[in-house]
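Peer 1: Can you keep this structure in mind? I'll have questions shortly.
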Amino acid sequence: MKVIIMGAPGSGKGTQAGFVAKEVGIPKISTGDMLRENVAANTPLGQEAKEIMEAGGLVSDDIIINMLTERVKQDDCERGFVLDGVPRTVRQAEMMEANGLQVDEVLVIETDDDAIIKRMAGRRVCPEDGATYHVETKKPKNDGKCDICGADLITRTDDSPETVQSRLKNYHEQTEPIAEFYQGKTGVTKIDGTQSIEDVHTHVIGALELVLLRMYA
Ligand code: AMP
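Our numbering applies: residue 823 is where the sequence shown begins, and numbers increase by one.
Encoded structure:
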């Protein structure tokens, strides 16, 4: 099963993509995580992406699609994957299609900008494994520590309100039109992301069950 989970920054798409990956047994591919790993390792790609990411901009479509094309060739993607944060522009979706990278479903998690700005201020991430938490809605078991590896949690530099505004603008202008691009090509399901994590998850799983029924009908 090949799925795209789309949503504004802070919509919870990464969390939901993580659940789907675990439950369906397919890898979650997050271009944001891959870029952050490159920044942390100070690779040439990381050096190129760092400033753009810190300013809330978008990394070039060519870099992203090259990175993604290489990633999906790996053995663990044989049974499918869940894409988190990619495609981010209609051009990326077109390049994916041109490279034979089709998907079975696009899930769009819809949220409200004001709620996002508030939500992002409380977001914390693990610098070691990318796990995400929230100071109110998704607390770690031990204050400020990652549940998985125990590392100190940090606030992402691109989660500041100014950067979030710019990321939301990019989302509305460049990413939202992707749902339109996929209409008529594959399933597109919109999910109300203002609900609790559990309720969003229930809707995500419900939508994927319908995809399975469609795939094996
Ligand atoms: P994310 O973790 O998905 O919010 O991504 C963090 C940052 O990485 C974004 O704000 C962009 O600067 C960059 N990024 C991640 N995925 C993409 C993509 N598909 N296209 C362009 N830039 C991306």
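Even glycine gets a Cβ: it sits at the ideal position worked out from N, Cα and C.
Buried or exposed: which applies to Ile826, given that a residue is buried once 16 or more other Cβ atoms fall within 10 Å of its Cβ?
Peer 2: Position 4 of the sequence shown, counted from the start, is the residue given in the question as residue 826. Counting Cβ neighbours within 10 Å, Ile826 comes out buried, since at least 16 surround it.
Peer 1: Could you pull out every residue in the same chain whose Cβ sits closer than 7 Å to the Cβ of Gly944, ignoring the five residues on either side in sequence?
Peer 2: By 1-based counting over the sequence shown, the position of residue 944 is 122. Closer than 7 Å at Cβ, skipping near neighbours: His956, Val957, Glu958.
Peer 1: Can you tell me where the beta strand (DSSP E) with Gly1009 in it begins and where it stops?
Peer 2: As a first step, residue 1009 must be located in the sequence shown, where it is residue number 187. It spans 1009-1014 - the beta strand (DSSP E) in which Gly1009 sits, taken as one unbroken run.
Peer 1: Expressed to the nearest angstrom, what Euclidean distance is found between the alpha-carbon atoms of Gly840 and Leu857?
Peer 2: Along the sequence shown, read from residue 1 onward, the residue named residue 840 stands at position 18. Along the sequence shown, read from residue 1 onward, the residue named residue 857 stands at position 35. Straight across, the Cα-Cα distance linking Gly840 with Leu857 is about 17 Å.
Peer 1: According to the neighbour-count rule (16 or more other Cβ atoms, all chains shown, within 10 Å of its Cβ), is Met1037 buried or exposed?
Peer 2: In the sequence shown, counting from the first residue as 1, residue 1037 sits at position 215. Met1037 is exposed by the Cβ-count criterion.
Peer 1: Mind checking Lys963: buried by the 16 CB within 10 Å criterion, or exposed?
Peer 2: Within the sequence shown, the letter at position 141 stands for residue 963. Burial call: exposed.
Peer 1: What residue ranges within the region 837-894 form continuous alpha helix (DSSP H) runs of no fewer than 4 residues, ordered along the chain?
Peer 2: The region 837-894 contains these whole alpha helix (DSSP H) runs: 853-862, 866-876, 883-894.
Peer 1: Between which two residues does the alpha helix (DSSP H) holding Met942 run?
Peer 2: Counting from one through the sequence shown, the residue named residue 942 turns up at place 120. From DSSP, the alpha helix (DSSP H) with Met942 extends over 935-943.
Peer 1: Quick check: the Cα distance between Asn860 and Pro999, rounded to an integer number of angstroms?
Peer 2: On the sequence shown, position 38 is the one that residue 860 refers to. On the sequence shown, position 177 is the one that residue 999 refers to. So the two alpha carbons sit approximately 28 Å from each other.
Peer 1: Which residue marks the beginning of the alpha helix (DSSP H) containing Asp1021, and which one marks its end?
Peer 2: By one-based count along the sequence shown, residue 1021 stands at place 199. Start and end: 1019-1037.
Peer 1: Going by alpha carbons, who is nearest to Thr954 out of Asp981, Gln1017, Met823, Ser882?
Peer 2: Working through the sequence shown from its first residue, we reach residue 954 at position 132. Of the candidates Asp981, Gln1017, Met823, Ser882, the one whose C-alpha sits nearest the C-alpha of Thr954 is Asp981.
Peer 1: How many angstroms separate the CA atom of Lys967 from the CA atom of Gly1006?
Peer 2: Sequence index remark: in the sequence shown, residue 967 carries index 145 (1-based). Sequence index remark: in the sequence shown, residue 1006 carries index 184 (1-based). Roughly 44 Å separates the two Cα atoms.
Peer 1: Flag Ser982 as yes when its Cβ comes closer than 8 Å to any non-hydrogen atom of the ligand SAH, and as no otherwise.
Peer 2: Of the ligands this structure carries, namely the ligand AMP, none is the ligand SAH.
Peer 1: Glu927 lies in the beta strand (DSSP E); which residues open and close that run?
Peer 2: As a working note, residue 927 is residue 105 in the sequence shown. First-last of the beta strand (DSSP E) with Glu927: 927-932.
Peer 1: Touching or not, the region 908-927 and the region 1023-1038, by the rule of three or more beta carbon pairs under 8 Å?
Peer 2: A contact between stretches requires three or more CB pairs, one per stretch, nearer than 8 Å, and the region 908-927 meets this requirement with the region 1023-1038.
Peer 1: Using beta-carbon positions only, say whether Ile993 and Pro831 come within less than 9 Å of one another.
Peer 2: Working through the sequence shown from its first residue, we reach residue 993 at position 171. Working through the sequence shown from its first residue, we reach residue 831 at position 9. Ile is not the amino acid found at residue 993; the sequence shown has Tyr there. Cβ distance < 9 Å, so Tyr993 and Pro831 count as in contact.
Peer 1: What number of angstroms, rounded off, separates the C-alpha of Glu950 from the C-alpha of Ala973?
Peer 2: Residue 950 sits at position 128 when you count from the first residue of the sequence shown. Residue 973 sits at position 151 when you count from the first residue of the sequence shown. About 7 Å.
Peer 1: Consult DSSP for Gln1005 and reduce its assignment to one of helix, strand or coil.
Peer 2: Here the question's residue 1005 lines up with position 183 in the sequence shown. Here Gln1005 sits in strand by DSSP.
Peer 1: Thinking C-beta only, is Asp884 closer than 9 Å to Met1087?
Peer 2: There is no way to answer for residue 1087, as the model of the chain reaches only from 823 to 1039.
Peer 1: Spatial neighbours of Lys850 within its chain, please: C-beta separation below 6 Å, excluding the five flanking residues on both sides.
Peer 2: Within the sequence shown, numbered from 1, the residue matching residue 850 stands at position 28. Within the same chain, Lys850 has close Cβ partners Ala839, Gly840, Ala843, Val904, Asp906.
Peer 1: DSSP on Asp965, reduced to helix/strand/coil?
Peer 2: Taking the first residue of the sequence shown as 1, we reach residue 965 at position 143. The answer is coil: DSSP assigns Asp965 none of H, G, I, E or B.
Peer 1: When the distance is taken between beta carbons, is Gly1015 closer than 9 Å to Gly834?
Peer 2: Here residue 834 corresponds to residue number 12 of the sequence shown, with the count starting at 1. Here residue 1015 corresponds to residue number 193 of the sequence shown, with the count starting at 1. Yes. Within cutoff.
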